[in-house]
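In the numbering used here, the protein residues as written are 2 to 264.
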């Protein structure tokens, strides 16, 4: 059995204690982090070393973005795709070498896309769509069992947001983004593990804004995902989200997801 987790941590140095608490409590074999917000030489390697996560692949940059995969299982880094096409650190791919040997694990942080869903007036929205199109062309060529996880910054289903009609024109849930993400899904036949194990329309949210969460308003969105190649998805045995982390001290606005595989 191999367990793999993903979490947009929103600054790994600021929330190192929360990450350690999560690792001690849930004990995933592998944890993929997004939005680490630090250059690689400033990543808190000692924290993860002490926690037993002695294998790491870190793709960071100063102050923004950044991804890291930490593991108790040996791994090797295999890729860093620049799907943003501007040098931002938004992806790292690894191959597991111990348990789950041969599994390709892709860790991605898709751009948020700004506030206005119109590429003519908001270049960030266009960059998000183009990022997804580059990912789609990549996915069409995958020839090995692969798991892609991370902050996709899109809630694709009507039940993936607290109010479908109210959010149709809000970036992360617009029909254009949903259709673009669906083309990525179709390119490889990805299986959405969150909805395999927690079928729609069950509540399965991963992000709440800081403001509304502390107002006790359950206005969540499912922005974080774990998608698997069909043959790998058939080996997934359980999936959960750890919502309690949203109430820990100095929390991320995202919560972790964990999937277990019979590998």
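Quick reminder that beta carbons are idealized off the backbone N, C-alpha and C, glycines included.
With 16 or more other Cβ atoms from the protein chains shown falling within 10 Å of its own Cβ, residue 182 counts as buried. Partner residues in the beta bridge of residue 93, as assigned by DSSP, are 108. DSSP places residue 8 in the uninterrupted beta strand (DSSP E) bounded by 3-9. Under a 10 Å Cβ-count criterion, residue 212 is classified as exposed, with fewer than 16 other Cβ atoms of the shown protein chains found around its own Cβ. If you keep only unbroken alpha helix (DSSP H) runs of at least 4 residues inside the region 163-215, you get 176-189, 194-198, 211-215. CA-to-CA, the gap between residue 222 and residue 203 works out to about 12 Å. In this structure, 10 is the residue among 38, 263, 10, 70 with its C-alpha nearest to the C-alpha of residue 250. When 146, 256, 248 are compared, the shortest CA-CA separation from residue 94 is found for 146. The three-state secondary structure of residue 229, taken from DSSP, is strand.
Burial is judged here by how many other beta carbons sit within 10 angstroms of a residue's own beta carbon; residue 77 has fewer than 16 and is exposed. Here the C-alpha atom of residue 260 lies approximately 7 Å from the C-alpha atom of residue 237.
Taking C-beta atoms under 8 Å as the contact rule, residue 74 and residue 47 fail to qualify, at a distance of about 20 Å. Following the DSSP letters along the chain, one finds residue 66 in no beta strand (DSSP E), marked with neither H nor E. Secondary structure of residue 130 (DSSP, three-state): helix.
Here the alpha carbon of residue 57 sits roughly 36 Å from the alpha carbon of residue 118.
Excluding the 5 residues flanking it on each side, residue 52 has same chain C-beta neighbours closer than 6 Å at 21, 24, in chain order. Where residue 262 is concerned, the enclosing beta strand (DSSP E) starts and stops at 258-262.
Of the candidates 220, 224, 160, 224 places its Cα closest to the Cα of residue 258. Annotation for residue 122: no alpha helix (DSSP H) segment contains it, and DSSP assigns it neither H nor E.
The beta carbon of residue 60 is closer than 6 Å to those of 68, 81, 90, 93 in its chain, skipping five residues each way along the sequence. Selection 49, 84, 38, 4 evaluated against residue 63 yields 38 as nearest (Cα-Cα). Between residue 264 and residue 227, the C-beta spacing is not below 8 Å.
Pairing residue 163 with residue 254, the inter-Cα distance amounts to about 16 Å. In the DSSP secondary-structure assignment, residue 56 is bridged to 72. In this structure, the beta-carbon distance from residue 165 to residue 230 does not fall below 8 Å. Rounded to the nearest whole angstrom, the CA to CA distance from residue 234 to residue 134 is 23 Å.
Of 246, 14, 98, the smallest CA-CA separation from residue 40 is found for 14. The alpha-carbon of residue 86 is positioned some 11 Å away from that of residue 129.
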